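To keep things clear, I will list the structure first and then write my remarks on it.
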Amino acid sequence: MFGCKSLLCWDCVPEFTDPDPLPFSLPSPLPQWPQGGSFASGRICLGEIEVLKVDKFEKVWRCTSLRGKSLGFTFYRPLEIPEGFFCLGHYCQSNDQPLRGYVLVARATNASLLESPALEKPLGYSLIWSIDSHDDRVYFWLPNPPKGYKAMGIVVTSGPNEPEVEEVRCTRADLTETCETSNLLLTIKSKYAKNAFQVWNTEPCDRGMLATGVSVGTFFCGSAYFDSEQVVDIACLKNLDSSLHAMPNQNQIHALIQHYGPTVYFHPDEKYLPSSVQWYFKNGAALYTAGSSKGKAIEYTGANLPSGGTNDGAFWIDLPNDEDARNNLKKGNIESAELYVHVKPALGGAFTDIVMWVFCPFNGPATLKVALMNIEMGKVGEHVGDWEHFTLRISNFSGELWSVFFSQHSGGQWVNAFDLEFIKGNKPIVYSSKDGHASFPHPGTYLQGPSKLGVGVRNDAAKSKFIVDSSIKYQVVAAEYLGEGVITEPCWLQYMREWGPTIVYDSRSEIDKIIDMLPLFVRFSVENLFELFPTELYGEEGPTGPKEKDNWLGDEYC
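When we follow my numbering, the leftmost residue of the sequence shown carries the number 194, and every step to the right adds one.
This is how it looks when you write it as structure tokens:
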């Protein structure tokens with residue numbers, strides 16, 4: 194961190210003529226959620242601290258790009274803070290999206306230790322960075338916390354005077370968690386400063402299902418020499434309420450799914466449709482054991498599958514040997530298909546993640562796009578048993594759909610609610626790509642691989658008559674936070690081995706064929722092509738089930 198004064202900002206200037214971002218609301222009003230607990234009550238108790246979300250703001254400073262790449266960013270001060278609650282920091286967001294952010298405001302509860310209050314005023318402020326010219330002024334201040342306390346956010350002012358200590362509160366250190374930078378929002382370069390000034394979003398360092406860090410919604414800023422993800426100057430809150438009162442109960446879970454459950458569109462040319470797990474078992478899927486060439490029929494509930502343990506290669510599931518039966522299973526059965534739902538806390542219980550898993554008996558072959566050419570890869574990319582998912586993130590303050598994670602092979606993307614397509618009320622659309630079943634928010638062709646070179650695996654997504662309405666066709670299979678025995682997990686969910694055999698492809702011969710077809714200006718050596726294309730083109734380990742995926746306990750990673 195550093196303090197400096199800038200008289201000139203190269204990359205952005207104040208500009209107040211463009212319209213301000215407008216607030217966003219979902220297409221339909223929220224329903225009255227079933228009663229119980231503190232879900233959607235507007236407030237969340239974190240133990241010694243109670244917080245609520247504020248989304249009414251006063252503009253402090255706006256920065257607009259001179260290069261025309263975006264409408265810039267605006268810094269806001271929260272308004273309409275209820276009596277007894279205190280601001281923890283200010284808010285920043287891009288001007289090219291609706292105003293939908295928030296910051297948390299806090300107050301101490303009766304459980305707070307009187308000899309060491311949960312919240313304290315800062316001792317003062319340190320000036321981090323400023324613009325001070327005839328045209329505009331802005332000042333960024335870091336609260337200086339008392340010993341044993343942590344600052345939670347930055348304060349922005351339009352005047353040079355240090356903010357009042359009443360402006361924000363700092364939080365006792367044992368009630369906080371470490372946070373880290375996420376998205377880089379803004380870089381400001383100045384002729385009079387050695388280092389550029391940068392602004393980041395922040396998030397808790399640990400964001401798994403059992404993590405306790407609660408994001409405050411504020412931002413972090415500093416000089417460009419800051420090269421560590423972990424932020425030491427500000428923190429996020431810690432949820433010490435192990436009961437997670439703000440998480441939805443069973444009735445509320447069903448209400449949320451029925452209100453927000455997306456409609457999943459499969460491609461009109463999709464040959465390998467989803468099915469229920471029970472249909473797959475009933476129609477011939479078999480369990481194989483290492484050292485034996487003969488498979489064993491699987492009970493429709495999965496009761497005879499090995500339970501627990503790890504993926505040690507001792508067992509796997511495969512299609513039957515009979516060719517007609519194999520081809521029948523590969524096609525799937527969309528009439529039986531349903532979404533398998535895992536409900537879990539996110540960001541310290543401030544949000545609920547509704548993870549929806551879809552099962553397809555077979556994953557089809559890859560199609561490579563090379564410049565203007567589309568090349569079928571034969572069997573490359575095929576595998577038995579395909580588990581894909583998407584995740585609805587719900588605010589526990591209001592029950593509002595906040596964002597959706599679209600899983601795409603080994604990665605994915607979070608998409609804000611204002612960038613989603615909706616089909617009925619507040620139900621989003623999810624597009625499942627042809628053959629590979631990756632999830633996308635909009636129709637189109639998406640390339641996996643070095644897409645800037647026009648080379649990659651095609652993911653084609655479009656509407657069709659092949660749909661699954663997850664608001665109706667779903668089964669809640671896990672919600673650990675509700676307690677043992679509340680949700681009966683199906684037997685097949687405890688199967689930790691592979692849902693398909695390991696396959697190794699003769700990809701080199703396939704790529705040799707491709708090279709012969711390519712025009713000279715896009716030709717690569719065999720070695721370079723192997724580096725360019727995704728690793729799954731060269732071999733497929735049998736996919737594991739939902740509980741073996743990293744995101745079962747962890748957060749979604751892009």
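We treat Cβ as the ideally placed atom computed from N, Cα and C, and that holds for glycine.
Predicted, not measured: the structure shown is a model, and the values here were computed from it.
Close-in-space but distant-in-sequence residues of the same chain around residue i (CB under 6 Å, 5 per side omitted)
i      : result
Tyr481 : Gly488, Trp509, Asp511
His535 : Val548, Ala671
Tyr624 : Tyr458, Phe633, Pro636, Ala654
Gly261 : Caution is warranted here: a pLDDT of 49 is assigned to Gly261, below 50, making its placement in the model unreliable, and the coordinate value is therefore given only provisionally. Excluding residues within five positions, none has a Cβ falling inside 6 Å.
Glu313 : Pro339, Tyr342, Cys363
Glu355 : Tyr318
Ser591 : Ala233
Asp367 : none
Burial state of residue i, where buried means 16 or more other Cβ atoms lie within 10 Å
i      : result
Lys340 : exposed
Leu239 : buried
Thr380 : exposed
Glu720 : In this predicted model, Glu720 has a pLDDT of only 43, less than 50, meaning its place in the structure is not dependable enough to derive any value.
Gln163 : The question about residue 163 has no answer here: the residues shown for the chain are numbered 194 through 751.
His582 : buried
Leu540 : buried
Gln143 : Outside the shown range of the chain, which is 194 to 751, sits residue 143, and nothing can be said about it.
Phe611 : exposed
Asp743 : exposed
Pro216 : exposed
Leu335 : buried
Gly676 : exposed
Asp289 : exposed
Ser500 : exposed
Gly484 : exposed
From the options, residue whose alpha carbon lies closest to that of residue i
i      : options                        : result
Phe250 : Leu498, Val298, Gln445         : Val298
Gly693 : Tyr473, Tyr639, Ser625         : Tyr473
Cys184 : Phe266, Tyr295, Gln286, Ala439 : Residue 184 cannot be examined here, being either before or after the span of the chain that is shown, 194 to 751.
Ser218 : Val661, Glu677, Glu593         : Glu593
Glu810 : Gly317, Asp426, Ser626, Gly578 : Given a span of 194 to 751 for the chain in the structure shown, any question on residue 810 remains unanswerable.
Tyr674 : Asn609, Leu532, Ala404         : Ala404
Phe232 : Val608, Ser408, Gln443         : Gln443
Arg300 : Glu357, Lys246, Ala496, Asp462 : Lys246
Lys537 : Lys740, Cys553, Thr371         : Lys740
Cys429 : Glu370, Ser326, Phe390, Arg690 : Glu370
Ile274 : Ile324, Lys464, Arg236, Thr545 : Arg236
Met566 : His452, Asp515, Phe590, Val648 : Val648
Leu272 : Ser309, Val253, Gln286, Gly265 : Val253
Ser468 : Cys684, Val661, Thr681, Gly265 : Val661
Glu569 : Lys627, Leu320, Ile527         : Lys627
Ser436 : Ile696, Ala543, Leu746         : Ala543
Tyr269 : Ile622, Gly747, Val331, Thr456 : Val331
Val392 : Pro554, Arg400, Pro356, Gln286 : Gln286
Gly406 : Phe659, Lys431, Gly735, Val349 : Lys431
Cys256 : Ala304, Pro224, Ser351         : Ser351
Ile616 : His452, Leu292, Gly506, Gln687 : His452
Ala389 : Gly678, Gly415, Gly410         : Gly415
Ser157 : Asp515, Ser529, Trp685         : What is shown of the chain runs 194 to 751, which leaves residue 157 out entirely.
Leu292 : Thr267, Gly277, Glu357, Phe278 : Thr267
Paired residues, beta bridge with residue i - DSSP
i      : result
Met549 : Val534, Phe583
Ser287 : Phe266
Phe599 : Phe583, Gln606
Leu594 : Ile587
Arg651 : Leu640
His630 : DSSP output for His630 lists no bridge partner at all.
Glu575 : According to DSSP, which records beta bridges pairwise, Glu575 is partnered with nothing at all.
Cys238 : Glu243
Val158 : It is not possible to answer for residue 158, since the shown part of the chain is limited to 194 through 751.
Ser664 : Beta-bridge pairing links Ser664 to no other residue.
Same chain, Cβ closer than 7 Å to residue i, neighbours up to 5 away in sequence not counted
i      : result
Thr302 : Cys238, Glu241, Ile242, Glu243
Ala478 : Ile491, Ile510, Leu512, Leu522
Gly618 : Pro220, Ser221
His438 : Gly230, Ser231, Cys238
Val669 : Ile446, Val534, Val536, Ile680
Arg519 : Leu512, Pro513
Beta-carbon proximity list for residue i, same chain, < 8 Å, skipping 5 on both sides
i      : result
Tyr667 : Ile450, Gly454, Glu531, Leu532, Tyr533, Val534, Met549
Thr737 : Asn504, Trp580, Met689, Arg690, Glu691, Trp692
Pro310 : Ala301, Arg365
Phe412 : Gly282, His283, Tyr284, Cys285, Gly346, Ile347, Leu378, Val392, Trp393, Asn394, Thr395
Phe659 : Tyr458, Phe459, His460, Pro461, Glu463, Leu466, Ile527
Tyr493 : Gln471, Phe474, Lys475
In chain order, each beta strand (DSSP E) run of at least 3 residues that lies wholly inside the region 494 to 519: For the region 494 to 519, the continuous beta strand (DSSP E) assignments of 3+ residues that do not extend past its boundaries occur at 508 to 511, in sequence order.
Unbroken stretches of the beta strand (DSSP E), 3 residues or longer, contained in the region 308 to 372: You should have 317 to 325, 330 to 337, 348 to 350, 363 to 365.
Sequence ranges, beta strand (DSSP E) only - wholly within the region 389 to 468, length at least 3: 390 to 397, 412 to 416, 423 to 431, 456 to 459, all fully within the region 389 to 468.
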